[in-house]
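*Asks:*
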Amino acid sequence: MKLKSSGTSSAQTTCPPPPTPSDKNVNATEKIRIPFTCMCTNGTGVSNRKPVYKVQKDDFMYHIAKEVFSGLLTFQQIANVNGVPDPNRINPGQELWIPLPCSCDIVNGIKVVHNGMLVDKGSTVEGIAEQYGTNSTTLLTLNNMTDPSKLQAGQVLDIPLPACSSNVNSSSLDYPFLLANGTYVYTAYNCVKCKCDSANNYTLQCEPSGFKSTNSDWTTCPAMQCQGADSLFIGNKTSSGCNQTSCVYSGC
Numbered sequence: 001m002k003l004k005s006s007g008t009s010s011a012q013t014t015c016p017p018p019p020t021p022s023d024k025n026v027n028a029t030e031k032i033r034i035p036f037t038c039m040c041t042n043g044t045g046v047s048n049r050k051p052v053y054k055v056q057k058d059d060f061m062y063h064i065a066k067e068v069f070s071g072l073l074t075f076q077q078i079a080n081v082n083g084v085p086d087p088n089r090i091n092p093g094q095e096l097w098i099p100l101p102c103s104c105d106i107v108n109g110i111k112v113v114h115n116g117m118l119v120d121k122g123s124t125v126e127g128i129a130e131q132y133g134t135n136s137t138t139l140l141t142l143n144n145m146t147d148p149s150k151l152q153a154g155q156v157l158d159i160p161l162p163a164c165s166s167n168v169n170s171s172s173l174d175y176p177f178l179l180a181n182g183t184y185v186y187t188a189y190n191c192v193k194c195k196c197d198s199a200n201n202y203t204l205q206c207e208p209s210g211f212k213s214t215n216s217d218w219t220t221c222p223a224m225q226c227q228g229a230d231s232l233f234i235g236n237k238t239s240s241g242c243n244q245t246s247c248v249y250s251g252c
């Protein structure tokens with residue numbers, strides 16, 4: 001794990017308190033965010049080889065696309081990326097990559113987290129823009145729409161969420177490291193917890209997680225101390241006169 005110190009001068013879903021139990025009940029109509037990595041080429045993107053769906057008895061591809069994944073994509077797209085010549089012939093236990101639509105686009109000159117949202121009945125472009133802290137023009141442009149009155153229930157809308165800036169190196173396994181306001185994530189094999197909060201000027205805040213590493217080669221998490229930074233640990237800072245030194249997470 002690579003850590004570095006740096007000298008510096010001196011928003012819809014609220015995350016539940018970490019850690020959220022894996023067996024936490026979720027209501028049938030409750031919306032939750034499912035993060036995944038986007039793979040982009042030539043201006044288009046799909047989820048990077050995930051999620052993978054295991055075919056159940058009596059499944060058919062239209063049902064998987066329309067009902068299991070809420071119409072976020074078509075059954076033809078699932079068939080194409082999995083090399084299935086006949087969408088009507090799939091077998092129980094067969095694993096299918098579900099290429100969910102996504103984006104890596106920079107919006108208005110800044111990096112954002114793209115949030116795919118299914119439009120609810122009665123929603124408006126103006127109302128959605130206000131809810132997510134953006135504007136109608138940005139939403140219409142990003143979603144190739146010209147008439148806001150044409151918004152339909154069940155339509156998938158790309159919502160750009162402001163992301164916290166970070167010091168993660170481009171060579172790091174978790175680069176690019178983008179988190180939306182009000183969210184947190186565990187990275188570096190569960191050893192580091194990072195969160196994004198607009199109250200901190202959209203600057204990523206990371207600290208030791210206190211959890212056990214998920215890397216089988218590590219008996220414990222590595223030292224979270226920055227070299228040459230007054231023996232600071234990740235998330236700590238110190239001030240001397242007008243200068244401030246911080247120990248920040250720079251990747252894994």
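According to the UniProt record's numbering, the sequence shown is numbered sequentially starting from 1.
Ideal placement from N, C-alpha and C gives every residue a C-beta, glycine not left out.
Near Leu232, what residues of its chain come up, given a Cβ to Cβ distance below 6 Å and the 5 sequence neighbours on each side ignored?
*Replies:* For Leu232, where only same-chain residues beyond five positions count, the Cβ hits under 6 Å are Cys226, Cys247.
*Asks:* If I'm right that Gly45 touches Leu72 with Cβ under 8 Å, what's the distance once you round it to whole angstroms?
*Replies:* The Cβ separation is near 13 Å, so there is no contact.
*Asks:* Measure how close the beta-carbons of Gln152 and Val107 come, nearest whole angstrom, since I'm counting them as under 8 Å.
*Replies:* Not quite, the Cβ-Cβ distance comes to about 23 Å (not below 8 Å), so this is no contact.
*Asks:* Excluding the five sequence neighbours on either side, which residues of its own chain have a C-beta within less than 6 Å of the C-beta of Gly251, listed in chain order?
*Replies:* Contacts found: Lys2, Val168, Asn169, Ser172.
*Asks:* Please name the residue, chosen from Thr146, Gly210, Ala28, that lies closest to Asn190 on a Cα-to-Cα basis.
*Replies:* Answer by Cα proximity: Gly210.
*Asks:* Rounded to whole angstroms, what's the CA-CA distance from Gly182 to Pro87? Just pull it up for me.
*Replies:* One C-alpha to the other measures close to 40 Å.
*Asks:* Measure how close the beta-carbons of Cys38 and Ser47 come, nearest whole angstrom, since I'm counting them as under 8 Å.
*Replies:* With 8 Å as the limit, Cys38 and Ser47 qualify as a contact, their Cβ atoms being about 7 Å apart.
*Asks:* Counting C-beta neighbours from all protein chains within 10 Å, is the total for Ser103 16 or more, i.e. buried, or is it exposed?
*Replies:* Classification of Ser103: buried, given that the 10 Å Cβ count is 16 or more.
*Asks:* Does DSSP put Glu130 in a helix, a strand or coil?
*Replies:* In the structure shown, Glu130 sits in a helix (DSSP, three-state: H, G or I).
*Asks:* Where does the unbroken beta strand (DSSP E) through Ile159 begin, and where does it stop?
*Replies:* Counting along the chain, the beta strand (DSSP E) containing Ile159 begins and ends at 156 to 162.
*Asks:* Near Lys237, which residues of its chain fall below 8 Å by C-beta distance, leaving aside the five closest residues on each side in sequence?
*Replies:* So the list reads Gln244, Thr245, Ser246, Cys247, once near-sequence residues are dropped.
*Asks:* Find the nearest neighbour of Lys66 within the set Arg49, Gly83, Lys195, Ile98, judged by alpha-carbon distance.
*Replies:* Nearest of Arg49, Gly83, Lys195, Ile98 to Lys66, Cα basis: Ile98.
*Asks:* Is there contact here, the stretch 119 to 129 with the stretch 141 to 161, by at least three beta-carbon pairs under 8 Å?
*Replies:* Touching, yes.
*Asks:* To the nearest angstrom, how far is it from the Cα of Asp23 to the Cα of Ser240?
*Replies:* Computed Cα separation, rounded: 47 Å.
*Asks:* Check whether the Cβ atoms of Tyr184 and Val192 lie closer than 8 Å to each other.
*Replies:* No, these two residues do not count as a Cβ contact at 8 Å.
*Asks:* May I have a chain-ordered list of the beta strand (DSSP E) segments no shorter than 3 residues that lie completely inside the UniProt domain "LysM" (51 to 98)?
*Replies:* Fully enclosed beta strand (DSSP E) runs of 3 or longer: 52 to 54, 95 to 97.
*Asks:* Please state the DSSP three-state secondary structure of Ala180.
*Replies:* It is a strand residue.
*Asks:* Return the chain-ordered ranges of every beta strand (DSSP E) run that is complete within the stretch 211 to 247 and spans a minimum of 3 residues.
*Replies:* Segments of the beta strand (DSSP E) lying fully in the stretch 211 to 247: 237 to 240.
*Asks:* Could you spell out where the alpha helix (DSSP H) holding Ser47 opens and where it closes?
*Replies:* Unbroken run through Ser47 is the beta strand (DSSP E), 44 to 47; no alpha helix (DSSP H).
*Asks:* Give the DSSP-derived three-state secondary structure of Asn112 in the structure shown.
*Replies:* Rather than Asn, the amino acid found at residue 112 in this sequence is Val. Here Val112 sits in strand by DSSP.
*Asks:* Using alpha carbons as the reference points, say which of Phe69, Pro35, His114 lies closest to Gly154.
*Replies:* Answer by Cα proximity: Phe69.
*Asks:* If you reduce the DSSP assignment to three classes, tell me which class Ser9 lands in.
*Replies:* Note that Ser9 has pLDDT 20, beneath the 50 cutoff, so the model's placement of it is unreliable and the number below is only indicative. Note: Ser9 maps to strand in three-state DSSP.
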